[in-house]
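Asker: Counting from 187, one number per residue, gives the positions in the sequence shown under this note's numbering. Where is the CB? At the ideal position from N, CA and C, for every residue including glycine. Got a structure here, written out as structure tokens. Questions coming.
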Amino acid sequence: MTSDHPCPAVDLFAPEFLHDPYPVYATLRETRPVHHDPGTGLWLVSTHRDVRRVLLDPELYRPDNALDAVVPLSVPALRCLAAAGFTLPPTLANNGTDTHAGLRRLITGMLRRDRVTAAVPLVHELMAPRLDRIEKELAERGSCDLVVTLTRDLPFEVMLRVLGLAGDVDVDIDLLARWNDASLELFWGVPPRERQLPLARLAAEFHQWLDGLTERAAPGGTGLLARLAAHRKPDGTPLSRQEIVAVCYFMVIAGQTTTGQMLATMLLRALADPGLWPRLGREPALAGAWAEEMLRREPPLTTWRRVTARPARLGGVELPQGAKLLLMLAATGSDPAVFEAPGQLRPNRPHGREHLSFGLGRHRCPGAALARMEAETVLRAVSARLPDLRLAGPAGTVPMRGLLSFRAPPAVPVRRAAAVSRDGSP
């Protein structure tokens, strides 16, 4: 129900909102479920019912603006991107044309459930040296950061191996991470003008590197590049080089960012509960069920965008053609109309998988099964190996990195329980 009381101003990038967005989510749902934000020009859609309706009607609510920059880019930044041939034609997340279905089938075929199940040993293999490094740093320094040692790089390597790209990558993970972070801040953040050109240079380098990879794209193999080279659009034409680059750009960013931030947030929250943490490694079914609750309550992808193809009525509000919507996915997971006591984490709660954190319908995340597998595998493995691991300080003091569609801790500092208790920290 929409209240007659005005909704307070919403600053989606304020530290207070990033630290605890749930009071704002509740106010929006209760007073203005479809609320125009003058700061961004976006219509904030916050109830489960309305967001679900939008996701299931891609003809009316199109994805064309899904990858647009949040703020207008400076002329020097735009020139830098143009000089590099940077372009993201409609392929996956931003594609509302008839070419989307075939590309989506290609990607979902590579990430289908049996391939994900077969990748579980791979995740354990890739985790082993990282767990060794964590133990070594804890022994030598007394503390370590789980983002640097585990959650930043692991999803990169898993995604590259699952997509058959590992043999094509000729740069180190640190550089990939820098390119990835720069792209996120440039397109989903609010960087000041003086910072936009350095970010654009890194995003352009990333795009040019991916463009070089497409030279190896030839039909006949089983990896992503070969499949993209063999793919044909509905009119029988092959994908352009720019389209192949755009698919790879999106898959690398989506595969690392959403999964890496999901893992960091889950580890932060699990380690904040000393009674829960050791159980995740001992009780086989708990890690997956708890991870699902975290996806509902605190997803790494907090929002997504749509634009109206024609005038529409949503949540009692008349929207003009071209209205830019911000679907507040994280707010829908705490909607009491769907989830009882949404502020509580209740593994195996009724209707727990009705959250919209992976989207819904035609544009539902094709990597959902892989993300769930990585979450369960990582939580169980780290807990089993390090049951006495604890946060190095109170969870509330860990800052949250906030972009328009992404929210996660940039660091998860940890110590052994004995070290924590000796210095008096929680």
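Provide the residue span of the alpha helix (DSSP H) that contains ASP284, from first to last.
Answerer: Careful: ASP284 lies outside any alpha helix (DSSP H) and carries neither H nor E.
Asker: Between the C-alpha atoms of ARG608 and ASP360, what's the straight-line distance to the nearest angstrom?
Answerer: The pLDDT assigned to ARG608 is 44, lower than 50, so where the model puts this residue is not dependable; a value taken from the coordinates is nonetheless given after this. The alpha-carbon atoms of ARG608 and ASP360 are separated by roughly 34 Å.
Asker: Can you tell me which of the three DSSP states THR494 falls into?
Answerer: Strand.
Asker: Leaving aside the five residues before and after TYR208 along the sequence, list all residues of the same chain whose C-beta is less than 8 Å from its C-beta, in chain order.
Answerer: These residues qualify, in order along the chain: SER520, GLY529.
Asker: Whole angstroms are fine: how far does the CA of PHE525 sit from the CA of LEU230?
Answerer: Cα to Cα, LEU230 sits roughly 20 Å from PHE525.
Asker: Compute the distance between the beta-carbons of VAL493 and ARG248, then report whether it is under 7 Å.
Answerer: Yes. Within cutoff.
Asker: Using 8 Å as the cut-off, can you tell me whether the segment 533 to 543 makes contact with the segment 247 to 263, which would need three or more C-beta pairs spanning the two stretches below that distance?
Answerer: Not touching, per the Cβ criterion.
Asker: How should GLY610 be labelled, buried or exposed, when 16 other C-beta atoms within 10 angstroms of its C-beta is the threshold for buried?
Answerer: Low confidence applies here, because GLY610 scores a pLDDT of 47, under 50, leaving its location unreliable; read the following figure in that light. By the neighbour-count rule (16 or more Cβ atoms within 10 Å), GLY610 is not buried but exposed.
Asker: So what does VAL196 bridge to, in DSSP terms?
Answerer: Paired residues: none, contrary to the question.
Asker: Give the DSSP-derived three-state secondary structure of GLY422 in the structure shown.
Answerer: In this structure, GLY422 counts as coil in the three-state DSSP scheme.
Asker: Specify, as a first and last residue, the run of the beta strand (DSSP E) that PRO599 falls within.
Answerer: Start and end: 599 to 602.
Asker: With DSSP collapsed to three states, give me the class of ARG215.
Answerer: The answer is helix: DSSP assigns ARG215 an H, G or I state.
Asker: Using CA atoms only, rank isn't needed, just tell me which of ARG379, GLU343, ARG215, TRP476 is closest to PRO262.
Answerer: Cα-wise, what sits closest to PRO262 is ARG379.
Asker: With a Cβ-Cβ cutoff of 7 Å, do LEU385 and LEU372 count as a contact?
Answerer: Result yes, Cβ atoms of LEU385 and LEU372 sit closer than 7 Å.
Asker: Report yes if the C-beta distance between LEU336 and ARG316 is below 7 Å; otherwise report no.
Answerer: Contact flag set, yes.
Asker: For ARG455 and GLU484, which I take to be in contact (beta-carbon distance under 8 Å), what is that distance rounded to the nearest angstrom?
Answerer: With 8 Å as the limit, ARG455 and GLU484 qualify as a contact, their Cβ atoms being about 7 Å apart.
Asker: Could you name each continuous alpha helix (DSSP H) segment of 4 residues or more that falls completely within the segment 293 to 330, going from the start of the chain to the end?
Answerer: Correct list: 299 to 304, 306 to 327.
Asker: According to DSSP, which residues form a beta bridge with LEU487?
Answerer: PHE592.
Asker: Can you name the start and end residues of the alpha helix (DSSP H) that HIS393 belongs to?
Answerer: Residues 379 to 399.
Asker: Counting pairs of beta carbons, one from the segment 580 to 589 and one from the segment 326 to 335, are three or more of them closer than 8 Å?
Answerer: Verdict: no, contact absent.
Asker: Going straight from the alpha carbon of GLU562 to that of LEU312, what length do you get?
Answerer: So the two alpha carbons sit approximately 15 Å from each other.
Asker: When DSSP labels each residue in this structure, what does ARG608 get in the three-state scheme?
Answerer: Residue placement at ARG608 cannot be trusted, given a pLDDT of 44 that sits under 50; what the coordinates show is reported in the next sentence. If DSSP states are grouped into helix, strand and coil, ARG608 belongs with the helices.
Asker: Secondary structure at GLU504, three-state DSSP: helix, strand or coil?
Answerer: In the structure shown, GLU504 sits in a strand (DSSP, three-state: E or B).
Asker: Buried or exposed: which applies to LEU242, given that a residue is buried once 16 or more other Cβ atoms fall within 10 Å of its Cβ?
Answerer: LEU242 comes out exposed.
Asker: What does TYR247 pair with, by DSSP beta-bridge criteria?
Answerer: Answer is THR494, bridged to TYR247.
Asker: Quick one: using the 10 Å Cβ neighbour count with 16 as the cut-off for buried, is GLY375 buried or exposed?
Answerer: With 16 or more other Cβ atoms within 10 Å, it is buried.
Asker: Considering only DSSP beta bridges, list what LEU513 is partnered with.
Answerer: Answer is VAL231, TRP490, bridged to LEU513.
Asker: Does the Cβ-Cβ distance between ASP162 and GLY282 come in under 7 Å?
Answerer: Because the chain is modelled from 187 through 612, residue 162 falls outside the range shown and cannot be assessed.
Asker: Sorted by chain position, which residues of the same chain lie with C-beta nearer than 6 Å to GLU429's C-beta, five sequence neighbours on each side aside?
Answerer: So the list reads PRO275, THR277, once near-sequence residues are dropped.
Asker: Check the C-beta distance from LEU297 over to GLY553 and give it rounded, since I have them as a contact under 8 Å.
Answerer: Rounded, the Cβ-Cβ distance is 5 Å, consistent with contact.
Asker: Cα-Cα, which of ASP206, GLU321, LEU246, PHE272 is closest to SER569?
Answerer: Checked all of ASP206, GLU321, LEU246, PHE272; the closest Cα to SER569 is GLU321.
Asker: Express the C-alpha separation of THR294 and ALA403 in angstroms, rounding to a whole number.
Answerer: Taking the straight line joining both Cα atoms gives about 19 Å.
Asker: So, with DSSP's three-state summary, where would you put LEU577?
Answerer: LEU577: strand per DSSP, three-state reduction.
Asker: With a threshold of 8 Å on Cβ separation, who are the neighbours of TYR211 within its own chain once the five nearest residues in sequence on each side are excluded?
Answerer: Hits under 8 Å: SER232, MET514, ALA516, ALA517, SER520.
Asker: Helix, strand or coil for ASP206, going by three-state DSSP, please let me know.
Answerer: It is coil, neither helix nor strand.
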